[in-house]
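Peer 1: Each residue of the sequence shown is one higher than the last, beginning at 634 in my numbering.
Have a look at this one before I ask anything.
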Amino acid sequence: MTAGAWRTSMQRPTTTRSSCKASMWRATAWFSWICCVAKAWATCRKRSGQPMWRRIVPRGCFCISTALPWSENPKAGFITTSNEMNLPRDDPVAQRKLGFEWANDARHARIIQVLSQLPKPRLEDSEKLQNDQVSLPAQRLVALLQPLQSHDPDTSAALALLRPWNGDASAASAAAALEEVWFSRYLGDAYKALRLRPSEAASFGAPDAAAMLDALEHPGAAFGATPAARRDQLLLESLRNAYHALGSLQGPDTRQWQWGNLHTNKIAHAMSAVAGADRALLDVGPFAKGGSPYTPNQSSYDPADFRQTIGPSARLIIDLSNWDNARAMNFPGQSGDPASPHYRDLAPLWLNGSYFPLLYTRAAVDAATEQIFDLVPAQ
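Following this line, the structure appears as structure tokens:
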């Protein structure tokens, strides 16, 4: 930044949000979290004269990039990571404690599945992949249901709804609504009741999805003398409970069930709680939302109300052969002023998987500029 002024432009129709809006919204990307923490610690040290991280970060915690796991020109032709455990088997974890808790690897596996089938990926393929809502854990659950039968009419109806489903957790999907209610509210509790005493189950949260699915696919001694039969009983009983619950939430007609009627996205402004009648001017949404915690287009939620809590609000696709061909999306709008037409204009585009041009060259930026702000420091 120069001493005179900071000049920024607003491109039409949309552009990325200015950093000055960061304080008004949830973080829009995670890729610079470590840098932010390091900068914060450095700032604390500068102000106090003390190395504030000495008692927080073990000695030798920060490693140079060449000492960390890396990949170069892999045979697959691509590199992908989705917060899953990606350390090599021979990584010295005892000496370099990079992490102990990782995200489920379903998103990573789905991305590999899609990219491996593309002979020559295009930018449009990247757009589709970033918005992909196929859940591999859901597909695994559906596979477990295929041979099952039930004399109970509601359980049979639930099986009929889920058996042909391909795991695409779209907002309009009735099967996705049933599977997500089942998985997030009933299946985990049933599995905990099997493995734990009531006092223990009450003190635990949701079971680890990967561990639970592995146990269901390969039932062992924990399921008793007849593991497969007890597993099937657990699946059918918990599925019936989910079917009844969804009927209470969305009515008895399964043709009217939609995952997006339960699973929603809403941006609540930090000041909306005290805004009164003006709350609608500040908040954005709610919107019907697809996806799940295990889809590339991640959409984690609170099972209590199914409202989205985690997801990719920023999307970037860069064409290194033509920088002006880059595209992006940020949610919900580029302006921090509720009176601006750009306050929430990106929300519907974000929901339907659209993008705006992320222009790079001066000529392209100037041609798309709609408004210029000159921010001049006070004298």
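Backbone N, C-alpha and C define an ideal beta-carbon position, used for all residues, glycine too.
So, is His784 buried or exposed, given that buried needs 16 or more other C-beta atoms within 10 angstroms?
Peer 2: Position 151 of the sequence shown holds residue 784. Result: exposed.
Peer 1: Under three-state DSSP, which class holds Met657?
Peer 2: Position 24 of the sequence shown holds residue 657. The predicted model places Met657 with a pLDDT of 26, which falls under 50 and marks its position as unreliable; any figure quoted below should be read in that light. It is helical.
Peer 1: Under the assumption that Trp815 contacts Ser871 (Cβ atoms under 8 Å), give the Cβ distance between them as a whole number of angstroms.
Peer 2: In the sequence shown, residue 815 corresponds to position 182, counting from 1. In the sequence shown, residue 871 corresponds to position 238, counting from 1. About 6 Å separates the two Cβ atoms, so the contact holds.
Peer 1: So, is Glu734 buried or exposed, given that buried needs 16 or more other C-beta atoms within 10 angstroms?
Peer 2: Your numbering for residue 734 matches position 101 in the sequence shown. With fewer than 16 other Cβ atoms within 10 Å, it is exposed.
Peer 1: Could you check what DSSP says for Asn898 in three-state terms: helix, strand or coil?
Peer 2: If you number the sequence shown from 1, residue 898 lands on position 265. In the structure shown, Asn898 sits in a strand (DSSP, three-state: E or B).
Peer 1: How is the beta strand (DSSP E) around Val917 delimited, first residue to last?
Peer 2: Counting from 1 along the sequence shown, the entry for residue 917 is found at position 284. That run of the beta strand (DSSP E) goes Val917 to Ala921.
Peer 1: If you follow the beta strand (DSSP E) that Thr942 is part of, which residue opens it and which one closes it?
Peer 2: Here residue 942 corresponds to residue number 309 of the sequence shown, with the count starting at 1. Where Thr942 is concerned, the enclosing beta strand (DSSP E) stretches over Gln941 to Ile943.
Peer 1: Where are the alpha helix (DSSP H) runs, 4 residues long or more, that stay fully inside the segment 689-768, in chain order?
Peer 2: 739-749 and 756-763
Peer 1: May I have a chain-ordered list of the alpha helix (DSSP H) segments no shorter than 4 residues that lie completely inside the segment 809-852?
Peer 2: Runs found: 821-828, 831-836 and 842-850.
Peer 1: Applying the 10 Å Cβ sphere with the 16-neighbour rule, what's the burial state of Trp983?
Peer 2: In the sequence shown, the residue the question calls residue 983 occupies position 350. Buried.
Peer 1: Reducing DSSP to helix, strand and coil, say where Gln866 ends up.
Peer 2: Numbered from its first residue, the sequence shown carries residue 866 at position 233. Three-state DSSP puts Gln866 in a helix.
Peer 1: Which residues bound the beta strand (DSSP E) around Asp1007?
Peer 2: Within the sequence shown, the letter at position 374 stands for residue 1007. From DSSP, the beta strand (DSSP E) with Asp1007 extends over Thr1002 to Leu1008.
Peer 1: Could you check how far apart the C-beta atoms of Asp1068 and Pro926 are, in whole angstroms? I think they sit under 8 Å.
Peer 2: No answer is possible for residue 1068: it lies beyond the span of the chain, which begins at 634 and ends at 1012.
Peer 1: Starting from Leu949, trace the beta strand (DSSP E) both ways and give me its first and last residue.
Peer 2: Taking the first residue of the sequence shown as 1, we reach residue 949 at position 316. In the DSSP annotation of this structure, the continuous segment of the beta strand (DSSP E) that includes Leu949 starts and ends at Ala947 to Ile950.
Peer 1: Can you tell which of Ala855, Glu812 and Phe920 has the C-alpha that lies nearest to the C-alpha of Leu869?
Peer 2: Along the sequence shown, one-based indexing puts residue 869 at 236. Restricting attention to Ala855, Glu812 and Phe920, the CA atom closest to the CA of Leu869 is found in Glu812.
Peer 1: Tell me Pro965's beta-bridge partners as DSSP assigns them.
Peer 2: For the purposes of this step, residue 965 is taken as the residue at position 332 of the sequence shown. Pro965 is not bridged to any residue.
Peer 1: Report the rounded CA-to-CA distance for Lys922 versus Gly857, giving the unit in angstroms.
Peer 2: Counting from 1 along the sequence shown, the entry for residue 922 is found at position 289. Counting from 1 along the sequence shown, the entry for residue 857 is found at position 224. Using only the alpha carbons, I get a separation of about 40 Å.
Peer 1: Hey, out of Tyr976, Arg960, Leu953 and Leu867, whose CA is closest to Asp916's CA?
Peer 2: Here residue 916 refers to the residue found at position 283 of the sequence shown. Checked all of Tyr976, Arg960, Leu953 and Leu867; the closest Cα to Asp916 is Tyr976.
Peer 1: Determine the closest residue to Leu949 out of Gln941, Ile1005, Ser973 and Leu992, with distance taken between C-alpha atoms.
Peer 2: In the sequence shown, the residue the question calls residue 949 occupies position 316. Comparing Cα-Cα distances from Leu949 to each of Gln941, Ile1005, Ser973 and Leu992, the minimum goes to Leu992.
Peer 1: Output the distance between the C-alpha atoms of Val767 and Lys708, rounded to the nearest integer angstrom.
Peer 2: Position 134 of the sequence shown holds residue 767. Position 75 of the sequence shown holds residue 708. About 25 Å.
Peer 1: Got a sec? Which residues, its chain only, sit under 7 Å from Leu879 by beta carbon, not counting five neighbours each side?
Peer 2: Position 246 of the sequence shown, counting from 1, holds the residue named residue 879. Contacts found: Ala810, Leu811, Val814 and Trp890.
Peer 1: Here's a check: name, in chain order, each residue in its chain whose Cβ is nearer than 6 Å to the Cβ of Ala739, leaving out the five neighbours to either side.
Peer 2: Translated into positions along the sequence shown, residue 739 becomes position 106. Around Ala739: Leu769, Pro770 and Tyr927.
Peer 1: What did DSSP end up calling Ser871 once you bin it into helix, strand or coil?
Peer 2: If you number the sequence shown from 1, residue 871 lands on position 238. It is helical.
Peer 1: Can you tell me the Cα-Cα spacing of Ser946 and Ala808, whole angstroms?
Peer 2: As a position in the sequence shown, residue 946 is number 313, starting the count at 1. As a position in the sequence shown, residue 808 is number 175, starting the count at 1. Cα to Cα, Ser946 sits roughly 26 Å from Ala808.
Peer 1: Spell out the partners DSSP gives Ser789 in its beta bridges.
Peer 2: Walking along the sequence shown from the start, residue 789 turns up at place 156. Its beta-bridge partners do not exist; DSSP assigns none.
Peer 1: Distance, Cα to Cα, Arg960 vs Ser987?
Peer 2: As a first step, residue 960 is located in the sequence shown; it is residue number 327 there, counting from the start. As a first step, residue 987 is located in the sequence shown; it is residue number 354 there, counting from the start. Going by the C-alpha atoms only, they are around 9 Å apart.
Peer 1: Quick one: what's got a C-beta closer than 6 Å to Leu962's C-beta in the same chain, skipping five residues either side?
Peer 2: Walking along the sequence shown from the start, residue 962 turns up at place 329. It should be noted that the sequence gives Met, not Leu, for residue 962. Closer than 6 Å at Cβ, skipping near neighbours: Arg948, Trp983 and Tyr988.
Peer 1: DSSP state of Ser933, grouped into three classes?
Peer 2: Residue numbering aside, residue 933 sits at position 300 when the sequence shown is read from its first letter. Three-state result, Ser933: strand.
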